[in-house]
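Colleague: Numbered according to the numbering used here, the sequence shown spans residues 5 to 147.
C-beta: ideal position from N, C-alpha, C; glycine also.
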Amino acid sequence: MSIKLDPAILPALDILGMAQSGALLRAERETPPDGIPAFVTRAGWDELTATHADHHDASHTVLLPALEKAVARILSHAAEAASRNGEMTPVLTMPSDLFPSDPDLVLAFVRDNTHPVACALIGTAAQIEAALRGHGSPQDRPN
């Protein structure tokens, strides 16, 4: 199932800057041809590592394939809900066991502020809030 997201109506964030700084990490090795780039917060990645791959030398080789499958399911659920409701909301909260720290997963659809690209942010509300707070716009940062 697919849905169309108009990047022009999504909240704009510095996705590229957040990814370059490490506040966001790709939640997939490659974006599917009909998909949108998905990101997990650094705190979310760290929680997944601590929970599922703490004893692995290359935790990304364990986590990334599983995270890709989880992201595909999460985005599929979002598409189904949008189809059922007849609209796509920019932020969805759904029950999930992805992050042990919070049973509610947040999926936020945003766009990069320099490129008209829709993206998905995945994490707990606290993780996403912390990532956004830690990477405010230049005028919001202290000198």
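Grouping DSSP H, G and I as helix and E and B as strand, with all else coil, what is T53?
Modeller: Position 49 of the sequence shown holds residue 53. Reduced to three states, the DSSP call for T53 is helix.
Colleague: When you compare only the Cα positions, how much space is there between I126 and L71?
Modeller: Translated into positions along the sequence shown, residue 126 becomes position 122. Translated into positions along the sequence shown, residue 71 becomes position 67. Spanning the two alpha carbons is a distance of roughly 11 Å.
Colleague: Following a CB-centred definition, is L96 positioned closer than 6 Å to any heavy atom of the ligand GTP?
Modeller: Judged by which ligands are present, the structure shown has none, so any question about the ligand GTP falls away.
Colleague: What whole-angstrom Cβ distance do A47 and Q131 have, given they're in contact under 8 Å?
Modeller: Taking the first residue of the sequence shown as position 1, residue 47 is located at position 43. Taking the first residue of the sequence shown as position 1, residue 131 is located at position 127. Contact holds; Cβ gap of about 4 Å.
Colleague: With DSSP collapsed to three states, give me the class of V75.
Modeller: Taking the sequence shown and counting its residues from 1, the one referred to as residue 75 is at position 71. DSSP places V75 in helix when its eight states are reduced to three.
Colleague: Cβ of L96 within 7 Å of Cβ of A76?
Modeller: Locating residue 96 in the sequence shown gives position 92, counting from the first residue. Locating residue 76 in the sequence shown gives position 72, counting from the first residue. Taking 7 Å as the Cβ cut-off, L96 and A76 do not qualify as a contacting pair.
Colleague: Verify whether the separation of the beta carbon atoms of T128 and D101 is less than 7 Å.
Modeller: For the purposes of this step, residue 128 is taken as the residue at position 124 of the sequence shown. For the purposes of this step, residue 101 is taken as the residue at position 97 of the sequence shown. For T128 and D101, no; Cβs fall outside 7 Å.
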